[in-house]
Amino acid sequence: MLVVLANAALIGGLIDICREVIAANADHLSELDRAIGDGDHGTNMRRGLEAVYAERSRLAYLPLPKALEEIGLTLVMSVGGAAGPLYGTLLIETGRQLAGSGDVDFPRALERAIDAVARRGRASAGDKTLLDVLYPVHAEVVRRAGLAGVAEQAERAASLTFGMKAMRGRASFLGDRSIGHIDPGAKSCALLTAAICRFLEEQSPA
3 MLVVLANAAL IGGLIDICRE VIAANADHLS ELDRAIGDGD HGTNMRRGLE AVYAERSRLA
63 YLPLPKALEE IGLTLVMSVG GAAGPLYGTL LIETGRQLAG SGDVDFPRAL ERAIDAVARR
123 GRASAGDKTL LDVLYPVHAE VVRRAGLAGV AEQAERAASL TFGMKAMRGR ASFLGDRSIG
183 HIDPGAKSCA LLTAAICRFL EEQSPA
């Protein structure tokens, strides 16, 4: 029972912190998206996290791999644009990889999930997408950087999309005019990563 309660506190807390950081930054994310896209990334992400939060009491008591899959499916169904399928793929595949592994190998599970996102979005590193945050974050995880280091790398990586030319999505239609703007998907990914890292660090024993 204690294990179940600890798991529920972890999953519930992660849902809470992700919802909070997106709600606090939704307007900024939409502002970034107005510069190079439809202008609704923040609104879409907030709707998705609210949908996840509405299922919090059920999701929190699932095993972590299953919870990740269910959250991913909820995001696919509730987040508009490309973000829903991409974030959904990341979480669904991470959950499946963790569920299918006898020994929990999070770096490997994350790697395969990111590869699935790349296939889904037909994108690569440098295309000015959330992958430009996910790849550096994975590299930090592999080298066993601390949580603070992972968060810093995520935020740094998102800022680097400012100088990139968009090669995928609506932003790609702008060509060189997409340079000089932070990618909203990369920014939301960095915000979520940093929030998750802070939460996990707070939960760690002193």
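Terminal number for the sequence shown in our numbering: 208, no gaps in between.
The C-beta atom is built at its ideal place from N, Cα and C for all residues, glycine as well.
- Within the model, the alpha-carbon separation for residue 154 versus residue 143 is close to 12 Å.
- In the structure shown, residue 126 adopts coil according to DSSP, grouped into three states.
- Going by DSSP, residue 186 is part of the alpha helix (DSSP H) stretching over 186 to 205.
- Remark: C-beta atoms of residue 187 and residue 132 approach each other more closely than 8 Å.
- Close CB contacts of residue 97 within its chain, under the 6 Å cut and outside five residues either way in sequence, are with 67, 70 and 71 (chain order).
- Note on geometry: alpha-carbon atoms of residue 84 and residue 93 lie some 15 Å from one another.
- Around residue 163, the same chain offers 130, 134, 184, 185 and 188 as residues with beta carbons nearer than 6 Å, after the five sequence neighbours per side are excluded.
- Pairing residue 28 with residue 44 gives a Cβ-Cβ distance under 8 Å.
- In chain order, 199 and 203 place their CB closer than 8 Å to the CB of residue 150, counting only its own chain and leaving out the 5 sequence neighbours on each side.
- Between residue 191 and the set 161, 206, 62 and 40, the nearest pair of CA atoms involves 161.
- For residue 81, the secondary structure class from DSSP, reduced to helix, strand or coil, is coil.
- Under the Cβ criterion (8 Å, minimum of three pairs), the stretch 28 to 43 counts as touching the stretch 171 to 184.
- Closest option to residue 145, judged by alpha-carbon separation, among 108, 179, 11 and 121: 108.
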